[in-house]
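Since the structure comes first, as structure tokens, the remarks are kept for the end.
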Amino acid sequence: RYVRILRSVRVFLLIDVLGSFMMALINMMRNISWPFCVMALTSFVTAVVVRLYSQVYEIEDADELYPDTMTTMFRLFQVTTMDNWHKCIRGLVDHCWLW
Numbered sequence: 006r007y008v009r010i011l012r013s014v015r016v017f018l019l020i021d022v023l024g025s026f027m028m029a030l031i032n033m034m035r036n037i038s039w040p041f042c043v044m045a046l047t048s049f050v051t052a053v054v055v056r057l058y059s060q061v062y063e064i065e066d067a068d069e070l071y072p073d074t075m076t077t078m079f080r081l082f083q084v085t086t087m088d089n090w091h092k093c094i095r096g097l098v099d100h101c102w103l104w
């Protein structure tokens with residue numbers, strides 16, 4: 006299986022245009038990975054804060070909406086993309102309008 010992957014990469018390197026394209030993609034990935042790391046870290050910290058806030062103030066439906074950190078990160082992603090965001094954040098907004 007790995008041999009097939011290496012063969013396909015070798016094909017890219019044999020053709021000059023595809024080789025330069027692959028090198029450009031590899032160089033771009035190094036530069037573009039930093040914003041994704043910062044976004045993931047920000048999402049993680051915010052998810053932890055939302056979970057702790059909802060547990061301390063006993064927000065309704067908090068156990069269903071925010072059972073663990075990864076689910077809370079997904080809920081925050083839903084709020085960011087506005088996909089059913091009103092269902093995800095309703096309890097927090099009812100408790101404190103600043104959310």
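If you count the sequence shown from 1, position 71 lands on 76 in the numbering used here, and the numbers rise without skipping.
Cβ atoms here follow ideal geometry from the backbone N, Cα and C, with glycine treated the same way.
Remember, it's a predicted structure, so these values are computed and weren't measured experimentally.
Measure the C-alpha to C-alpha separation of residue i and residue j and round it to an integer number of angstroms.
{"i": "A67", "j": "F49", "result": "17 Å"}
{"i": "R35", "j": "L23", "result": "19 Å"}
{"i": "Y7", "j": "M28", "result": "20 Å"}
{"i": "K92", "j": "T76", "result": "14 Å"}
{"i": "V53", "j": "I37", "result": "25 Å"}
{"i": "R9", "j": "M33", "result": "24 Å"}
{"i": "T74", "j": "T51", "result": "10 Å"}
{"i": "W39", "j": "F26", "result": "21 Å"}
{"i": "M87", "j": "I20", "result": "44 Å"}
{"i": "V14", "j": "C42", "result": "27 Å"}
{"i": "Y62", "j": "T47", "result": "22 Å"}
{"i": "Y71", "j": "W90", "result": "13 Å"}
{"i": "R12", "j": "T85", "result": "40 Å"}
Have a look at the options and flag the residue whose alpha-carbon is nearest the alpha-carbon of residue i.
{"i": "F82", "options": "Y62, A45, C101, W102", "result": "A45"}
{"i": "Y58", "options": "S38, C101, I31", "result": "C101"}
{"i": "V55", "options": "D88, S25, F79", "result": "F79"}
Just checking my contact of residue i with residue j at CB under 8 Å: how many whole Å lie between their CB atoms?
{"i": "I64", "j": "L97", "result": "6 Å"}
_List, from N- to C-terminal side, the alpha helix (DSSP H) runs of 4 residues or more that fit wholly inside the region 10-92._
21-61, 67-70, 74-86
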